[in-house]
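**Student:** Please read through the structure below; I'll follow up with questions.
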Amino acid sequence: MGSISNKSLIIHTLIIIFINLSCDQNTKVEYQNNKFLFLDDRLIENNKNAKLVVGTIKKNKANPLFVEDKPWEKRFDNLYGNIIYNEDENLYQCWYSPFIVDYSSKGMTLVERQKPYDPPSDREMGISYAYSKDGINWVKPELGLVEFEGNKNNNLIWRGPHGTGIFRDFNEKNPLKKYKAIFQGISISTSKDGVNWSKSKRIKGVDVAGDTHNNAFWAPTIGKYVGITRTWHRIGEKELWRQVARIESDDFINWTKEEVVLQGENINDQMYAMPVFYYAGLYIGLPAIYSSESDRTWTELAWSVDTKNWKRISPGIPLIPTSDKVLDYDYGCVYACASPIFLKNEIRLYYGGSDYLHFGWRNGSLCLATLRPDGFAGYEQLRKDQTAKVKTKLMPFNAKSVLISADISDNGWVKTKIFDKNGKQVAASDKIIRTTTNGILHFQKNINLNEIQLEFEFDKAKLYSFTFSN
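According to the numbering used here, the sequence shown is numbered sequentially starting from 4.
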């Protein structure tokens, strides 16, 4: 992330102090670079004729980006991908987890896939590494590290670990531990380069299945590492539901006992996995929702202030949907990778797709969907024949400008009013009539207030975020 100026830090601190005077720990507002996502309902006092919905993704025309095309890539299953953009090397890096000992579905027809899939007793997962200059065209290098079927000419970096989450830790001062991994066990490992790893260590005191894409990250608002894994909730004698569980640590070695932080409503709304990342002062989750009835999985959207209390946006509505076409590359399952890549003009959401049912014979791949900047979720109109309004709560203000990010259709517009602490309107902006990212709102007069409320009125538009800027 870019550096924050002293003045921005003062604004940031004022906002936190102001909110803390009237809110408990669970509703405290924190902001990153003074950006405000409309999905954060703590900001909103009221709305009229408006609803919050998930953003609109675009699946990349190059999908699938890579497939199971190596002898040790028998079955990707959910891929369990972890992708970062390494600015030091101008390189996209990907760690993914194929089953290297399994039965392959390659070349099977739909009729052939109707037979039950039963994995082999010696089934084994591994961790593979790939890289890319542009995030679209990927290379699977021969690393010479791990033996498979008599040679080391492969891109495997480890045999055995299941459901591995890998991240680059910018909070770590020891260069030998810059990369960190967490996987089923629950176990951890560290690396200086993301390729050569230390001997794994089993975490004591954590008792979860962890048979999913486990993830960990540094949570800056609480100053701890947080791990996201999975446990099971038993209903009656036989029925089991998947749940998102959370652990935390000060040092990535000693962890707290797990606690369930998110679960679905029924067997068709199960939390299979949930990569989490920090953005704009919030923690964004990409839960994979598994349906027992359809045996398919899609990706939805959730958010949290503290990594413990989670809210879902539009439950039942995918952020990244599966295809409707049987045997399409992502017809069966969509599992988001950890974590998105934020570019100037788009957010890249990589995901593991599979062409058939979760427990069936399926082929997997790495895929890409994109969002517009800040486009995770936004407000749009309920009734199209009436304008919509969204009004914020009273907020500290020590900036020169207000910027907005919104999609605006033909003949659509957004205008903004500013109110003082007494509810008196003090300024109004010109209409914005075109889609914009961080577009400056032009007011008829300067805003000389320490506290403001904003009311956004719009027609044929979708609002994603606003920013206080100097």
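Here a beta-carbon is modelled for each residue, glycine too, at the ideal position from N, C-alpha and C.
Where does V114 land, buried or exposed, given buried means 16+ other C-beta within 10 angstroms?
**Tutor:** Classification for V114: exposed.
**Student:** For K427, which of E454, F186, I139, S124 has the nearest alpha-carbon?
**Tutor:** With distances taken between Cα atoms, K427 lies closest to E454.
**Student:** If we call anything under 8 Å between Cβ atoms a contact, is G381 one with Y467?
**Tutor:** Yes.
**Student:** With R365 as the anchor, note down where its beta strand (DSSP E) starts and where it stops.
**Tutor:** Note, R365: premise wrong, no beta strand (DSSP E); not H, not E.
**Student:** Excluding the 5 residues flanking T234 on each side, which residues of the same chain have their C-beta closer than 7 Å to its C-beta?
**Tutor:** Closer than 7 Å at Cβ, skipping near neighbours: V211, A212, Q246, A248, E261, V263.
**Student:** Tell me, please, which residues DSSP counts as bridged to H236.
**Tutor:** The partner list for H236 (beta bridge, DSSP) reads W244.
**Student:** Residues in the same chain with beta-carbon distance under 6 Å from K434, minus the five sequence neighbours each way, listed in chain order, please.
**Tutor:** Taken in chain order, the residues that qualify are W416, K418.
**Student:** Looking at the strands, I want to know which residues DSSP matches up with V337.
**Tutor:** V337 pairs with G356.
**Student:** Per DSSP, what kind of secondary structure is Q117 in: helix, strand or coil?
**Tutor:** Correct three-state label for Q117: helix.
**Student:** Less than 8 Å between the beta carbons of V405 and L444, yes or no?
**Tutor:** Closer than 8 Å, so yes.
**Student:** Under the rule that 16 or more other beta-carbon atoms within 10 Å means buried, what is F362, buried or exposed?
**Tutor:** Exposed, by the Cβ-count rule.
**Student:** Alpha carbon to alpha carbon, how far is S307 from Y282? Give it in angstroms, no decimals.
**Tutor:** Straight-line Cα distance between these residues: approximately 11 Å.
**Student:** What's the C-alpha gap between I287 and F39?
**Tutor:** So the two alpha carbons sit approximately 14 Å from each other.
**Student:** Quick one: what's R171 bridged to in DSSP?
**Tutor:** DSSP output for R171 lists Y182 as bridge partner(s).
**Student:** If you draw a straight line from the C-alpha of E76 to the C-alpha of E145, how long is it?
**Tutor:** If I take the Cα positions, the gap works out to 14 Å.
**Student:** Skipping 5 residues on each side, what residues in its chain have a beta carbon closer than 6 Å to that of A222?
**Tutor:** These residues qualify, in order along the chain: V229, T310.
**Student:** Can you tell me whether D44 is helix, strand or coil according to DSSP?
**Tutor:** Three-state DSSP puts D44 in a helix.
**Student:** Using DSSP with H/G/I as helix, E/B as strand and the rest coil, what is R78?
**Tutor:** In the structure shown, R78 sits in a strand (DSSP, three-state: E or B).
**Student:** Starting from the N-terminal side, write out each stretch of the beta strand (DSSP E) that is 3 residues or longer and does not extend beyond the segment 130 to 166.
**Tutor:** Listed in chain order, they are 159 to 162.
**Student:** Would you mind working out which of Y120, L148, W98, V56 sits nearest L304, comparing C-alpha positions?
**Tutor:** Taking only the C-alpha atoms, the option nearest L304 is V56.
**Student:** Would you kindly check if the distance between the Cβ of S412 and the Cβ of A464 is under 8 Å?
**Tutor:** Contact: yes.
**Student:** Report, in whole angstroms, the separation of the C-beta atoms of N85 and C340, which I expect to be a contact under 8 Å.
**Tutor:** Contact holds; Cβ gap of about 6 Å.
**Student:** For V417, write down the residues that DSSP places opposite it in a beta bridge.
**Tutor:** I435, F461.
**Student:** Return helix, strand or coil for K73, following the three-state DSSP convention.
**Tutor:** Three-state DSSP puts K73 in coil, outside helix and strand.
**Student:** Whose C-alpha, out of K387, D377, A372, R237, is nearest the C-alpha of I139?
**Tutor:** Answer by Cα proximity: A372.
**Student:** Exposed or buried, K155, counting other C-beta atoms within 10 Å across all chains shown (16 or more means buried)?
**Tutor:** Exposed, since its Cβ has fewer than 16 Cβ neighbours within 10 Å.
**Student:** Looking at the secondary structure, which residues open and close the beta strand (DSSP E) in which G381 lies?
**Tutor:** From DSSP, the beta strand (DSSP E) with G381 extends over 380 to 384.
**Student:** For V264, which three-state DSSP category applies?
**Tutor:** Residue state, collapsed to three classes: strand.
**Student:** Who are the Cβ neighbours of Y359 in its own chain at under 6 Å, not counting the five residues just before and after it?
**Tutor:** The residues are R116, G335, R365.
**Student:** Give the secondary structure of E90 by DSSP, where H, G and I count as helix, E and B as strand, and everything else as coil.
**Tutor:** E90 falls in the coil class under three-state DSSP.
**Student:** For M277, which residues from the same chain have a beta carbon less than 6 Å from its beta carbon, with the 5 sequence-adjacent residues on both sides left out?
**Tutor:** If we look at M277 and ignore the five residues flanking it on each side, its Cβ neighbours are I231, V247, G288, P290.
**Student:** Would you mind stating whether K452 and V429 have Cβ atoms separated by less than 8 Å?
**Tutor:** Residue identity check: residue 452 is Leu in the sequence provided, not Lys. Going by C-beta atoms, L452 is nearer than 8 Å to V429.
**Student:** Return the chain-ordered list of same chain residues with a C-beta closer than 7 Å to the C-beta of K227, the five sequence neighbours on each side being excluded.
**Tutor:** Excluding residues within five positions, the ones whose Cβ falls inside 7 Å are E251, S252, D253.
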